[in-house]
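Trainee:
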Amino acid sequence: MDPISALFAALLDSTSSAVRNHMQESLGTEVITVTVDHNDQRVSFQHQSWRIRDESVCVDKRKKMAEFSKCTLAAKEFFADACSYLRESRGSGLKYDKTKNMYCASSSSFQPTIAFVASARQASPLELARRECNRLVLQQSANAEARKQACARYEALKRQEQ
Numbered sequence: 001m002d003p004i005s006a007l008f009a010a011l012l013d014s015t016s017s018a019v020r021n022h023m024q025e026s027l028g029t030e031v032i033t034v035t036v037d038h039n040d041q042r043v044s045f046q047h048q049s050w051r052i053r054d055e056s057v058c059v060d061k062r063k064k065m066a067e068f069s070k071c072t073l074a075a076k077e078f079f080a081d082a083c084s085y086l087r088e089s090r091g092s093g094l095k096y097d098k099t100k101n102m103y104c105a106s107s108s109s110f111q112p113t114i115a116f117v118a119s120a121r122q123a124s125p126l127e128l129a130r131r132e133c134n135r136l137v138l139q140q141s142a143n144a145e146a147r148k149q150a151c152a153r154y155e156a157l158k159r160q161e162q
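Its first residue numbered 1, the sequence shown is counted upward by one per residue in UniProt numbering.
#1: Buried or exposed for residue 76, going by 16 or more other Cβ atoms inside 10 Å?
#2: The alpha helix (DSSP H) that contains residue 108, what's its start and end?
#3: So, is residue 83 buried or exposed, given that buried needs 16 or more other C-beta atoms within 10 angstroms?
#4: Using a 10 Å radius around the Cβ and a threshold of 16 neighbouring Cβ atoms, would you call residue 19 buried or exposed?
#5: Do residue 71 and residue 61 have their C-beta atoms within less than 7 Å of each other?
#6: When every heavy atom of the ligand SAH is checked, does at least one fall within less than 6 Å of the C-beta of residue 87?
#7: Helix, strand or coil for residue 44? Go by DSSP, reduced to three states.
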């Protein structure tokens with residue numbers, strides 16, 4: 001290949017690469033993964049076409065419900081904080097506007113998963129008596145006398161509680 005053709009090919013390649021990169025950036029066609037630390041919580045998510053993919057938010061913590069819940073709550077806060085910051089900073093340009101719109105849309109539409117984990121409480125004597133009565137009522141092979149006694153015990157406890 002002669003030097004002029006090689007120079008022309010290199011120029012054409014770099015120009016088409018720059019145009020392609022600019023188009024991908026402005027259209028947001030690539031899936032981009034973002035990880036941020038917000039309020040001592042590591043939040044990860046993906047966005048594409050200038051929209052945050054809700055199903056990708058905190059996906060790495062989905063197996064541990066308590067951590068996932070904390071992460072999605074932090075993500076919701078991050079989206080709101082990013083939106084506020086971008087609105088206040090008054091930047092300009094296509095990428096700035098699209099980024100601001102993306103975070104502001106997610107700050108209002110993203111629904112975090114809220115989970116509360118607590119230890120199980122022990123059943124009261126009344127609850128245990130109710131369960132036993134119900135079990136014997138449903139059990140066809142149960143002794144009629146045992147069923148009658150269990151249900152009478154439940155009724156007596158119920159009257160005491162009132």
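Glycine included, each C-beta is placed from N, C-alpha and C at the ideal position.
Mentor: Result, derived from the coordinates:
#1: buried
#2: Counting along the chain, the unbroken alpha helix (DSSP H) around residue 108 starts and ends at 94-109.
#3: buried
#4: Residue placement at residue 19 cannot be trusted, given a pLDDT of 45 that sits under 50; what the coordinates show is reported in the next sentence. Classification for residue 19: exposed.
#5: yes
#6: No copy of the ligand SAH appears in this structure; indeed no ligand is present at all.
#7: strand
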